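To start, the structure itself, in structure tokens.
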Amino acid sequence: MRSGKLGEPSPEFNVDIYSRAAFDTEERAKEVVNHLLSCLRFAPNRFGQYDPLRRLTLERVEQVVLLIMNRTGQERDPERVFSNVHFERTRYPKCSYRVAWARLPHRAFEISWYIVEEDFIRAPSHLAEWLEFAFGLLRLHEAWYARFCLDMEGLQKNFLTWRKRHLRAENPHEGVEGARGVGVELEKGIPGVYWGNYFGPFYVDWFGREKFETLPCVEKRWLDTGGIFFTTAPTPFDWDTPEARQL
95 MRSGKLGEPS
105 PEFNVDIYSR
115 AAFDTEERAK
125 EVVNHLLSCL
135 RFAPNRFGQY
145 DPLRRLTLER
155 VEQVVLLIMN
165 RTGQERDPER
175 VFSNVHFERT
185 RYPKCSYRVA
195 WARLPHRAFE
205 ISWYIVEEDF
215 IRAPSHLAEW
225 LEFAFGLLRL
235 HEAWYARFCL
245 DMEGLQKNFL
255 TWRKRHLRAE
265 NPHEGVEGAR
275 GVGVELEKGI
285 PGVYWGNYFG
295 PFYVDWFGRE
305 KFETLPCVEK
315 RWLDTGGIFF
325 TTAPTPFDWD
335 TPEARQL
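Dropping the structure here:
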């Protein structure tokens, strides 16, 4: 998943989690793996750091835990600064996960993503099931911030494309196309307001709990993480309605 041409939306519902947590013990890495496998509806069946991903079996669970702790060869680096492991579920509902962490000062935040095909969450019961699954991940990642949105919404709010003249272009007048994601670095600013938004304890303290208590929204949930989750429309597919924009 997260395939296709640059700047073109995929039929996906994304949960992007910003975190400073590092799964630098076997216990913490195992908690994440156990969570992914405990929900049979979303359990991945392939894993790895590079394509092609390998088949995930019970005999390979320990390998997965070690990968999340350290990537291959990383044990030779006393800093152990990066980890990036991909998971895939090829059965319905199709899912794609990226579990990642980085140590300061290399990156202020690392983004882990959890994706499910958007058709699955059209049913309210399925959306509720997916959200409960994601809320457990917020705790495991010690999330500072997370956004919940269709790929279309994320692209429209955080992706710019442009054209500029270039003498070497096939058509110099039309030029070449450029593209980049913008406003996605949490250390520079909150990426935006989406269908679903999670602000962790840091932001609750910073803005003040009373700001969130009076926040106009469709749904609001205080989680056991100490953070808050709120939505701006009845469903993720209503994110661009006039009512959602006004809210």
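The numbers in our numbering rise by one with no breaks, and the one at position 125 of the sequence shown is 219.
We put the beta carbon where it would ideally sit given N, CA and C, even for glycine.
A quick note: this is a predicted structure, and the numbers were derived from the prediction, not measured.
Quiz item: Do you know how far the Cα of Val210 is from the Cα of Pro103?
Solution: 14 Å
Quiz item: With DSSP run on the structure shown, which of helix, strand or coil describes Tyr297?
Solution: helix
Self-check item: One or two residues paired with Asn108 in a DSSP bridge
Solution: Ile209, Cys243
Quiz item: Of the choices Phe176, Leu134, Glu304, Val298, whose alpha-carbon is the least far from that of Ala196?
Solution: Phe176
Quiz item: Beta-carbon separation of Ile111 and Leu231 under 8 Å?
Solution: yes
Quiz prompt | In DSSP terms, what Leu254 is bridged to | solution = Arg274
Exercise. Check the DSSP bridge columns for Ala263 and list the partner residues they point to.
Key: DSSP, once it has assigned bridges, lists no residue as partnering Ala263.
Exercise. Can you grab the Cα-Cα spacing for the pair Tyr292 / Ala240, in whole Å?
Key: 5 Å
Self-check item: Strand pairing of Tyr288, partner residues [DSSP]
Solution: None; Tyr288 has no bridge partner.
Practice problem: Please name the residue in Val127, Ser113, Arg303, Met163 whose C-alpha comes closest to that of Glu281. | Solution: Ser113
Quiz item: Distance, Cα to Cα, Ala137 vs Asp245?
Solution: 21 Å
Quiz prompt | Status (buried if at least 16 other CB within 10 Å, exposed otherwise) for Phe214 | solution = buried
Exercise. Put Phe203 into one of helix, strand or coil per three-state DSSP.
Key: coil
Practice problem: Below 6 Å CB to CB, which residues in the same chain sit around Trp316 once its five sequence neighbours on both sides are set aside? | Solution: Ile322
Practice problem: Rounded to whole angstroms, what's the CA-CA distance from Arg140 to Leu161? Just pull it up for me. | Solution: 13 Å
Quiz item: Whose C-alpha, out of Gln143, Glu226, Val159, Arg148, is nearest the C-alpha of Arg192?
Solution: Gln143
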